[in-house]
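Comments concern the structure below.
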Amino acid sequence: MRLIHAVREVNAEHGLGLQALAFYTDPDRAAMFVREADEAFPLGPATFVDDGERKHAYLKYALLEDTLRRSGAEAVWAGWGFVAEHAGFVDLCDRSGIQFIGPSADVMRRLGDKITSKQLAEAAGVPVAPWSGGAVDSVAEARAVAAELGFPLMIKATAGGGGRGIRRVDGPDAVAESFESARSEALSAFGNGTVFLERRVAGARHIE
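To convert a position in the sequence shown, counted from 1, into this note's numbering, add 2.
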(Lines of atoms letter the chains of each structure in order from A; the text may use other names.)
(Lines give C-alpha, C1' and ligand atoms only; values in the text may rest on other atoms or scores of the structure.)
Protein backbone atom coordinates (compact mmCIF):
# COMPACT_ATOMS: atom_id res chain seq x y z
CA MET A 3 0.00 0.00 0.00
CA ARG A 4 2.85 2.41 0.73
CA LEU A 5 4.14 2.02 -2.83
CA ILE A 6 0.67 2.54 -4.28
CA HIS A 7 0.20 5.71 -2.24
CA ALA A 8 3.66 6.93 -3.24
CA VAL A 9 2.90 6.36 -6.93
CA ARG A 10 -0.30 8.37 -6.60
CA GLU A 11 1.52 11.23 -4.87
CA VAL A 12 4.21 11.32 -7.56
CA ASN A 13 1.60 11.26 -10.31
CA ALA A 14 -0.34 14.08 -8.66
CA GLU A 15 2.81 16.16 -8.24
CA HIS A 16 4.51 15.53 -11.56
CA GLY A 17 1.87 14.03 -13.83
CA LEU A 18 4.08 11.08 -14.77
CA GLY A 19 1.28 8.60 -15.37
CA LEU A 20 2.94 5.79 -13.43
CA GLN A 21 0.88 2.66 -12.81
CA ALA A 22 1.06 0.46 -9.72
CA LEU A 23 0.90 -3.27 -10.51
CA ALA A 24 0.30 -5.92 -7.85
CA PHE A 25 1.14 -9.62 -7.87
CA TYR A 26 -0.92 -11.75 -5.51
CA THR A 27 -1.61 -15.33 -4.46
CA ASP A 28 -5.10 -16.80 -4.10
CA PRO A 29 -5.49 -16.03 -0.36
CA ASP A 30 -4.61 -12.36 -1.03
CA ARG A 31 -7.07 -11.82 -3.88
CA ALA A 32 -9.29 -9.55 -1.74
CA ALA A 33 -6.42 -7.76 0.01
CA MET A 34 -6.38 -3.97 -0.10
CA PHE A 35 -3.12 -3.79 -2.06
CA VAL A 36 -4.75 -5.89 -4.80
CA ARG A 37 -7.96 -3.83 -4.86
CA GLU A 38 -6.13 -0.51 -4.91
CA ALA A 39 -3.59 -1.40 -7.62
CA ASP A 40 -4.07 -0.13 -11.17
CA GLU A 41 -3.70 -3.70 -12.39
CA ALA A 42 -3.28 -6.99 -10.52
CA PHE A 43 -1.77 -10.28 -11.65
CA PRO A 44 -2.61 -13.63 -9.98
CA LEU A 45 0.16 -16.04 -9.01
CA GLY A 46 -2.20 -18.90 -8.17
CA PRO A 47 -2.02 -21.04 -5.00
CA ALA A 48 -0.07 -19.63 -2.07
CA THR A 49 2.33 -22.57 -1.86
CA PHE A 50 3.95 -25.20 -4.06
CA VAL A 51 6.07 -28.30 -3.44
CA ASP A 52 9.69 -28.28 -4.63
CA ASP A 53 11.78 -31.42 -4.09
CA GLY A 54 9.39 -32.56 -1.40
CA GLU A 55 9.51 -29.23 0.44
CA ARG A 56 6.56 -26.84 0.56
CA LYS A 57 7.49 -23.27 -0.39
CA HIS A 58 5.64 -20.00 -0.88
CA ALA A 59 4.60 -18.90 -4.36
CA TYR A 60 6.13 -15.47 -3.72
CA LEU A 61 9.48 -17.30 -3.86
CA LYS A 62 8.82 -19.14 -7.13
CA TYR A 63 11.27 -17.40 -9.45
CA ALA A 64 10.07 -18.94 -12.72
CA LEU A 65 6.50 -17.87 -11.99
CA LEU A 66 7.57 -14.38 -10.94
CA GLU A 67 9.77 -13.96 -14.01
CA ASP A 68 6.95 -15.00 -16.33
CA THR A 69 4.47 -12.70 -14.58
CA LEU A 70 6.89 -9.78 -14.68
CA ARG A 71 7.33 -10.32 -18.40
CA ARG A 72 3.58 -10.47 -19.03
CA SER A 73 2.91 -7.43 -16.87
CA GLY A 74 5.38 -5.22 -18.70
CA ALA A 75 6.70 -3.92 -15.38
CA GLU A 76 9.68 -1.57 -15.61
CA ALA A 77 10.52 -1.51 -11.90
CA VAL A 78 9.85 -3.72 -8.88
CA TRP A 79 9.38 -2.86 -5.24
CA ALA A 80 9.17 -6.16 -3.36
CA GLY A 81 8.08 -4.88 0.04
CA TRP A 82 9.29 -6.90 3.02
CA GLY A 83 10.24 -10.55 3.34
CA PHE A 84 10.14 -13.19 0.62
CA VAL A 85 12.08 -12.06 -2.50
CA ALA A 86 12.70 -8.61 -0.99
CA GLU A 87 15.56 -10.32 0.87
CA HIS A 88 16.78 -12.58 -1.96
CA ALA A 89 19.82 -11.49 -3.97
CA GLY A 90 18.81 -14.06 -6.60
CA PHE A 91 15.62 -12.11 -7.28
CA VAL A 92 17.64 -8.93 -7.81
CA ASP A 93 19.75 -10.90 -10.30
CA LEU A 94 16.54 -11.98 -12.04
CA CYS A 95 15.40 -8.36 -12.34
CA ASP A 96 18.80 -7.30 -13.66
CA ARG A 97 18.74 -10.04 -16.31
CA SER A 98 15.25 -8.99 -17.33
CA GLY A 99 16.12 -5.30 -17.60
CA ILE A 100 13.82 -4.41 -14.72
CA GLN A 101 14.87 -1.92 -12.05
CA PHE A 102 14.82 -3.44 -8.56
CA ILE A 103 13.97 -0.72 -6.04
CA GLY A 104 16.32 -1.61 -3.21
CA PRO A 105 19.88 -2.76 -2.54
CA SER A 106 22.04 -4.30 -5.24
CA ALA A 107 22.47 -8.07 -5.30
CA ASP A 108 26.05 -7.71 -4.07
CA VAL A 109 25.06 -5.58 -1.08
CA MET A 110 22.19 -7.92 -0.28
CA ARG A 111 24.48 -10.96 -0.34
CA ARG A 112 27.03 -9.26 1.92
CA LEU A 113 24.62 -7.89 4.49
CA GLY A 114 22.11 -10.73 4.24
CA ASP A 115 24.73 -13.09 5.62
CA LYS A 116 25.33 -12.54 9.35
CA ILE A 117 28.88 -13.93 9.32
CA THR A 118 29.91 -11.68 6.44
CA SER A 119 28.14 -8.73 8.08
CA LYS A 120 30.03 -9.19 11.33
CA GLN A 121 33.33 -9.52 9.47
CA LEU A 122 32.59 -6.33 7.52
CA ALA A 123 31.74 -4.53 10.77
CA GLU A 124 34.99 -5.69 12.36
CA ALA A 125 36.99 -4.60 9.31
CA ALA A 126 35.37 -1.16 9.58
CA GLY A 127 36.25 -0.90 13.27
CA VAL A 128 32.67 -1.30 14.48
CA PRO A 129 32.49 -3.08 17.87
CA VAL A 130 30.70 -6.43 17.77
CA ALA A 131 29.77 -8.95 20.44
CA PRO A 132 32.46 -11.61 21.03
CA TRP A 133 31.86 -14.46 18.62
CA SER A 134 33.32 -17.49 16.89
CA GLY A 135 34.87 -15.38 14.12
CA GLY A 136 33.32 -17.54 11.42
CA ALA A 137 31.22 -20.63 10.83
CA VAL A 138 31.15 -23.43 13.39
CA ASP A 139 30.88 -26.78 11.64
CA SER A 140 30.60 -29.44 14.33
CA VAL A 141 29.35 -30.09 17.84
CA ALA A 142 32.94 -30.56 19.02
CA GLU A 143 33.92 -27.17 17.61
CA ALA A 144 30.78 -25.59 19.09
CA ARG A 145 31.68 -26.91 22.54
CA ALA A 146 35.23 -25.58 22.26
CA VAL A 147 34.10 -22.14 21.10
CA ALA A 148 31.38 -22.02 23.77
CA ALA A 149 33.97 -22.72 26.46
CA GLU A 150 35.99 -19.73 25.21
CA LEU A 151 33.03 -17.35 24.88
CA GLY A 152 31.28 -18.30 28.10
CA PHE A 153 27.58 -18.53 28.82
CA PRO A 154 24.90 -17.50 28.09
CA LEU A 155 25.54 -17.43 24.36
CA MET A 156 23.59 -17.58 21.12
CA ILE A 157 23.84 -20.03 18.24
CA LYS A 158 22.73 -18.24 15.09
CA ALA A 159 22.10 -19.17 11.48
CA THR A 160 24.15 -17.02 9.14
CA ALA A 161 21.30 -16.94 6.61
CA GLY A 162 17.71 -15.77 6.76
CA GLY A 163 15.89 -13.98 9.53
CA GLY A 164 12.65 -13.89 11.43
CA GLY A 165 14.22 -15.46 14.51
CA ARG A 166 14.59 -18.85 12.85
CA GLY A 167 17.78 -20.84 13.30
CA ILE A 168 18.61 -19.04 16.54
CA ARG A 169 19.02 -20.70 19.94
CA ARG A 170 19.98 -19.37 23.36
CA VAL A 171 22.38 -21.62 25.26
CA ASP A 172 22.72 -21.20 29.02
CA GLY A 173 25.21 -23.95 29.78
CA PRO A 174 27.53 -26.59 28.29
CA ASP A 175 24.97 -29.40 28.55
CA ALA A 176 22.71 -27.63 26.04
CA VAL A 177 25.33 -26.95 23.36
CA ALA A 178 24.96 -30.14 21.30
CA GLU A 179 21.16 -30.17 21.12
CA SER A 180 20.93 -26.42 20.44
CA PHE A 181 23.62 -26.61 17.76
CA GLU A 182 21.90 -29.42 15.87
CA SER A 183 18.48 -27.83 16.29
CA ALA A 184 19.61 -24.44 14.98
CA ARG A 185 21.37 -26.02 12.00
CA SER A 186 18.39 -28.19 11.12
CA GLU A 187 15.91 -25.32 11.32
CA ALA A 188 18.15 -23.03 9.26
CA LEU A 189 18.67 -25.67 6.59
CA SER A 190 14.93 -26.27 6.33
CA ALA A 191 13.97 -22.59 6.32
CA PHE A 192 16.77 -21.06 4.27
CA GLY A 193 18.53 -23.93 2.51
CA ASN A 194 21.69 -23.07 4.44
CA GLY A 195 22.55 -24.76 7.74
CA THR A 196 25.68 -22.70 8.48
CA VAL A 197 25.76 -21.33 12.04
CA PHE A 198 28.07 -19.35 14.31
CA LEU A 199 28.30 -18.69 18.04
CA GLU A 200 28.03 -15.31 19.71
CA ARG A 201 28.11 -14.06 23.29
CA ARG A 202 24.58 -13.12 24.35
CA VAL A 203 24.02 -9.38 24.68
CA ALA A 204 21.68 -8.74 27.62
CA GLY A 205 18.92 -6.19 27.05
CA ALA A 206 19.47 -6.07 23.27
CA ARG A 207 16.71 -4.72 21.04
CA HIS A 208 16.09 -5.71 17.43
CA ILE A 209 15.75 -2.74 15.07
CA GLU A 210 14.47 -3.14 11.51
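The beta-carbon is built from N, C-alpha and C at its ideal position, and this holds for glycine as well. In this text, all values refer to a predicted model and were calculated from it rather than measured experimentally.
What does the alpha-carbon distance come out to for the pair Ala191 and Gly162?
8 Å
Quick one, are the C-beta atoms of Ala184 and Val197 less than 8 Å apart?
yes
Between the Cα of Tyr26 and the Cα atoms of Val171, Ala14, Leu65, Phe181, which residue gives the shortest distance?
Leu65
So the candidates are Asp53, Lys120, Asp172; which of them puts its Cα closest to the Cα of Pro220?
Only positions 3 to 210 of the chain appear in this structure, which leaves residue 220 out of reach.
Check Thr49 in the structure and name its three-state DSSP category.
strand
Do you know how far the Cα of Ile157 is from the Cα of Ile100?
38 Å
Which two residues bound the contiguous alpha helix (DSSP H) that contains Tyr63?
According to the DSSP assignment, Tyr63 belongs to the alpha helix (DSSP H) that extends over 63-73.
Whose CA, out of Glu38, Pro105, Ala176, lies closest to the CA of Ala80?
That would be Pro105, whose Cα lies nearest to the Cα of Ala80.
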